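Participant: Below: one structure in structure tokens.
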Amino acid sequence: MQNLARAVIVLFGLLVLAVACIAASVEGSEPSVPLTAEDVVGTWHGDRGARLEVTADGRARLTDAAGWMCTPTRQPAALTADGSWIMDRHSDESPGILIKFGVELPPGVPGCSDWFTVRGTGKEGTAGDGSDVWASFLGHGGKERYRRAPTG
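Residue numbering for the sequence shown follows this note's numbering, beginning at 967 and increasing consecutively.
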């Protein structure tokens, strides 16, 4: 009876591990083709009205992005700010860029930076046109999903 119980526990553990692996691959946290600056440069439109312009010279401009806490009142508000970006990723998240916005804040108010994580590169899949690519900010205003405007 003990052997049967151990076998059931081992099989359950393997099942949990398999489901976790499938979930990770579906989420797309590791693209098969590495993310490049070319994959993020351009204009990104949020599904809630925000706009992010990422330029090849390392600059970024975010417009009308709701839900950011880096305000003088520390209350969620829309953010419009200029900043700079570098290729980076946050621990186990999808690859992307780290954007640091130059926002004038009073002493004691945390800075305004976040990871803009990109899911997919548009280099694989059936379309190959980037239509499967979407992105979001990891922390601030993370409920908004962004799609890059077609480049051509």
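In this text, a Cβ means the ideal position worked out from N, Cα and C, and glycines have one as well. Only a predicted model underlies this, so the values are computations on that prediction, with no experimental measurement involved.
1. Short of 6 Å in beta carbon distance, which residues of its chain neighbour residue 1012, apart from the five on each side in sequence? Order them along the chain.
2. When DSSP labels each residue in this structure, what does residue 1048 get in the three-state scheme?
3. Which residues in the same chain as residue 993 place their Cβ atom closer than 7 Å to its Cβ, once the five residues preceding and following it in sequence are excluded?
4. Going straight from the alpha carbon of residue 1055 to that of residue 1032, what length do you get?
5. What does the Cβ neighbour count give for residue 1065, buried or exposed, with the cut at 16 atoms within 10 Å?
6. Give me the DSSP bridge partner(s) of residue 1083.
Facilitator: Reading it off the structure:
1. 1110 and 1112
2. strand
3. Low per-residue confidence applies at residue 993: pLDDT is 45, beneath 50, and the placement is therefore not dependable enough to give any value.
4. 23 Å
5. buried
6. 1062 and 1102
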